[in-house]
Each structure stands twice: as structure tokens, then as C-alpha cells.
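In this note's numbering, the protein residues as written are 1083 to 1270.
First comes the structure, then the notes that go with it.
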Ligand SMILES: Cc1cc2nc3c(=O)[nH]c(=O)nc-3n(C[C@H](O)[C@H](O)[C@H](O)COP(=O)(O)O)c2cc1C
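Pasting the structure below:
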């Protein structure tokens, strides 16, 4: 079983992010071979990063108590799905802090992306691909899900009509499974 963590990046009051996060969580959970957990960054309220030491130099011995808890959770994972909005053509600072506070726990693991926003969160996801790969040594899954104006798919009863995104989601999860298995074997 691959341990997959779905990371809900938006911590905003009234956030839309719960809808796409719940969708991809349930979709991943329905697959064979995935053991899925939702990680809500609201539950890991890291302060703005201002640590005296570079996390990569600490060998996992972080000092911030929330960072320790976050690191332990990230360490469990064989792969991730980041569910991210786009704020001013970038990804949210909550996610940057979550990435920056720890280091080795991310290394050599795959990450898939569900972006959403007025333009599908495309720029947010593209920026993240660079950040996660270049220094954190993570492996971004090539295909992504980008939900453009996803609030238009809310039905009158408040449910989220995801018909439009299912095919892209399936393809992305296929790639996450493939890369996840390959990297898990390689990490051993
Ligand atoms: C600070 C801020 C900046 C935003 N900038 C963008 C943007 O650059 N591109 C975009 O498509 N949507 C932008 N939006 C709209 C968001 O896509 C929309 O509010 C979305 O619901 C945010 O996700 P959340 O509700 O889960 O936090 C912005 C929203 C906020 C709060």
C-alpha cells in the first residue's frame, strides 16, 4: 500500500478548498493500493518561517513543536496530493511554510496537484513544480487537475459536480501510483 497524504493548502475562513480536497481524497481512497489521509494545514498552524537554523541542516531535529508534528506526518508518506488555490498568480504562503519548515521528510517522494481558481490554479501549480523538485528533491507528477471557476460546478444543494474533472483525476492518480511505487522501491 502506498501512503498518500492529501494536503489541503488553503487555511482561509470560508475557503473553497474543502470541495476539491474532499473530491480527490475520496477518489484516491476508492483506488486499490492507496492508504489515504487528509492533512489540513489548519491543523498545523506553523508561524511565519523565522527559524535560526536551515531545516536541511538539522537532520530532522526541528525545534518548533508544530514543525515536529508536521514532520512526523510527512515522514509517513509515500506520496502527496497538494490541493492548492492561486493567490495573486502564486501559491499560498501557508503551503510555502509547510514546505520550508522541514526537509528530508519530503525528499524522493512524488507529488500530484489539484489546482483551482479563476484560471484553474495553473500558475500556482507550475510554480510549485519548480519549488518541490529543485531543492526538496520531490518528483512532481506530470499530469495535474486544474479546476477553472470550480464554484460554477456547485449545485443548488451545495454539492460539487465533479463530472468534468474525473478523467483528469484518474489519469493523475494513475501517474501518482506508478511513480509512487517506483520511488518507494528506490528509497529502499
Ligand atoms: C488573496 C487572493 C488572491 C487571489 N488571486 C487569484 C489569482 O491570482 N488567480 C485566480 O485565479 N484566483 C485568485 N483568487 C481567487 C481564488 O481563486 C478564489 O478565491 C478561491 O476560492 C481561493 O481558494 P480558497 O477559497 O480555497 O482559499 C484570489 C483570492 C485571494 C483570497
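Ideal placement from N, C-alpha and C gives every residue a C-beta, glycine not left out.
What is the DSSP secondary structure of residue 1267, counted as helix, strand or coil? Within the chain shown, the letter at position 185 stands for residue 1267. Residue state, collapsed to three classes: helix.
Should residue 1228 be listed as close to ligand 1, given that the test is whether its C-beta is under 7 Å from any heavy atom? On the chain shown, residue 1228 is found 146 positions in, with the first residue counted as 1. Checking the Cβ of residue 1228 against ligand 1 gives no.
Opposite residue 1114 in the DSSP bridges: which residues? As a first step, residue 1114 must be located in the chain shown, where it is residue number 32. Residue 1114 pairs with nothing; no bridge assigned.
Does the stretch 1251–1258 come within contact of the stretch 1109–1122, defined as at least 3 CB pairs closer than 8 Å? yes
Could you compute how far the alpha carbon of residue 1215 sits from the alpha carbon of residue 1233? Along the chain shown, read from residue 1 onward, the residue named residue 1215 stands at position 133. Along the chain shown, read from residue 1 onward, the residue named residue 1233 stands at position 151. Using only the alpha carbons, I get a separation of about 30 Å.
Which residues bound the beta strand (DSSP E) around residue 1228? In the chain shown, counting from the first residue as 1, residue 1228 sits at position 146. Residue 1228 -> beta strand (DSSP E) spans 1227–1230.
Reduced DSSP category for residue 1060 - H, G, I as helix; E, B as strand; rest coil: Nothing about residue 1060 can be read from this structure; the chain reaches only from 1083 to 1270.
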